[in-house]
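What follows is one structure encoded as structure tokens, with my remarks underneath.
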Amino acid sequence: AFNLIRSVIVQFMKQKSGNIINITSVAGLKGMPRQVNYSASKAGLIGLTKALAREVGNYNIRVNAIAPGFIDTDMVKDLKDDYKKALLDRIPLKRFGRSEEIAKLATFLASDSAKYITGQIITADGGLAI
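Using this note's numbering, the letters of the sequence shown map in sequence onto residues 5 to 134.
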């Protein structure tokens with residue numbers, strides 16, 4: 005993410021507009037056992053998102069992040085059934101998210117409807133982080 009941002013930020017500043025959407029994780033907000041390295045990297049991306057939003061807002065550049073919870077992907081499908089059940093017991097909506105739900109959230113953040121949103125971490129986790 006850092007290298008990609010570095011590759012576009014100067015052009016965004018010159019044109020006085022831009023939109024950056026980072027994908028982090030609920031693990032970066034809560035921390036996850038046995039995932040210290042992953043949680044730390046995602047927390048770092050959250051910090052980058054917020055700091056950069058403050059730094060480049062005056063150039064009309066928006067910077068936000070989406071923090072998905074457990075999404076119904078091959079990775080989740082490969083989890084042991086008892087672990088999946090334990091996860092679902094902790095999610096108030098009692099289901100895993102869908103990739104298209106995250107895509108629609110990113111589409112919204114990229115749209116004109118989100119022109120006044122910056123520096124935000126939008127959690128899409130079925131309530132897991134509550």
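The C-beta atom is built at its ideal place from N, Cα and C for all residues, glycine as well. Please read all numbers here as calculations on a predicted model, not as lab measurements.
Closer than 6 Å by C-beta to residue i: which residues in its own chain qualify, once you throw out the five before and the five after it? Chain order, please.
i	result
M36	S43
I125	I50, A69, A71
A57	V67, T122, G123
Measuring CA to CA, which of the options is closest to residue i?
i	options	result
A69	F16, V12, L92, T111	T111
A90	V30, K119, F74	F74
D129	S103, S21, L113	S103
G131	A5, R99, M79	R99
T127	L109, L8, S117	L109
Alpha carbon to alpha carbon, how far is residue i from residue j?
i	j	result
N26	D86	31 Å
V1	S29	The structure shown does not extend to residue 1, since the chain spans only 5 to 134, so no value can be given for it.
R94	Q19	45 Å
N62	K84	48 Å
G139	S11	Because the chain spans 5 through 134 in this model, residue 139 falls outside it and cannot be assessed.
K54	D82	33 Å
V80	G48	23 Å
A5	V14	15 Å
R38	K88	16 Å
Three-state secondary structure (DSSP) at residue i?
i	result
G123	coil
N64	coil
I50	helix
I95	coil
G32	helix
I134	coil
Rounded to whole angstroms, how far is the Cβ of residue i from the Cβ of residue j, which I believe are closer than 8 Å?
i	j	result
L33	A71	6 Å
I65	G22	4 Å
Please list, in chain order, all residues of the same chain as residue i whose beta carbon is under 8 Å from its beta carbon, the five residues on each side excluded.
i	result
I121	R66, N68, L113
M17	V60, Y63, I65
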